[in-house]
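In mature numbering (1 follows the signal peptide of the UniProt record, and there is no 0), the protein residues as written are -25 to -1, 1 to 157.
Following: one structure in structure tokens, then a few remarks.
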């Protein structure tokens, strides 16, 4: 009996080991709205002393981007919600945003993703212009292509779970009725 369990146990052990090898990193959200927060340079040093190698920030704060230069920590930066309409307006606006907020920090700072907005589409109906959000993402992607960075920096947008009418089980998730095209 023990001999028949050995192959199964060995297979399970190998499966668990292979899953551990596939983990690409541990990340955190780095918010800056609070009291008595450490300076960005100190945060970067602290994270370097841990296994955390991915950080999402909610803007393009130059002090934070500079602090993470040459640390090996990958950053996800965000276009603030207030900037989405501007980036939507034209490719040149997206280029200007990139040139002033991202370009000065690369390649020293490892920026791997640009998140357009933060839960920009809200379930309360005040921001349902998903076409504007898509145009902003397309404009930023075109800028990355023009700079040869589209394979190094990805464009995404985070959404609130409130946009889903149902979310469980995940395979049966559906969008809220207000988001479904008529």
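All C-beta atoms in this analysis are idealised placements derived from N, C-alpha and C, irrespective of residue type, glycine included.
Beta-carbon gap between residue i and residue j smaller than 8 Å
| i | j | result |
| --- | --- | --- |
| residue 130 | residue 91 | yes |
| residue 137 | residue 84 | no |
| residue 114 | residue 62 | yes |
| residue 31 | residue 56 | no |
| residue 33 | residue -1 | no |
| residue 21 | residue 48 | no |
| residue 96 | residue 108 | yes |
| residue 46 | residue 76 | no |
| residue 2 | residue 29 | yes |
Residue burial classification, residue i (beta-carbon count within 10 angstroms, cutoff 16)
| i | result |
| --- | --- |
| residue 128 | buried |
| residue 152 | exposed |
| residue 18 | buried |
| residue 53 | buried |
| residue 25 | exposed |
| residue 132 | buried |
Own chain residues within Cβ distance below 8 Å of residue i, not counting five before or after
| i | result |
| --- | --- |
| residue 124 | 81 |
| residue 13 | 21 |
| residue 69 | 62, 111, 114, 115, 117, 118 |
| residue 139 | 148, 149, 150, 151 |
| residue 98 | Note on residue 98: pLDDT 48, under 50, position unreliable in the model; the coordinate value appears next. Correct list, in chain order: 135, 137, 138, 151, 153. |
| residue 59 | 91, 92, 95, 107, 108, 111 |
| residue -11 | none |
Bridge partner(s) assigned by DSSP for residue i
| i | result |
| --- | --- |
| residue 29 | 2, 49 |
| residue 90 | 53, 131 |
| residue 149 | 141 |
| residue 85 | 49 |
Integer-rounded CB distance, given that residue j should sit under 8 Å from residue i
| i | j | result |
| --- | --- | --- |
| residue 42 | residue 79 | The Cβ separation is near 14 Å, so there is no contact. |
Sequence-distant residues of its chain with Cβ nearer than 6 Å to residue i (five each side left out)
| i | result |
| --- | --- |
| residue 51 | 31, 88, 90 |
| residue 72 | 62 |
| residue 40 | 80, 84 |
Beta-carbon contacts of residue i that lie in its chain and below 7 Å, excluding the five residues immediately before and after
| i | result |
| --- | --- |
| residue 142 | 136, 148 |
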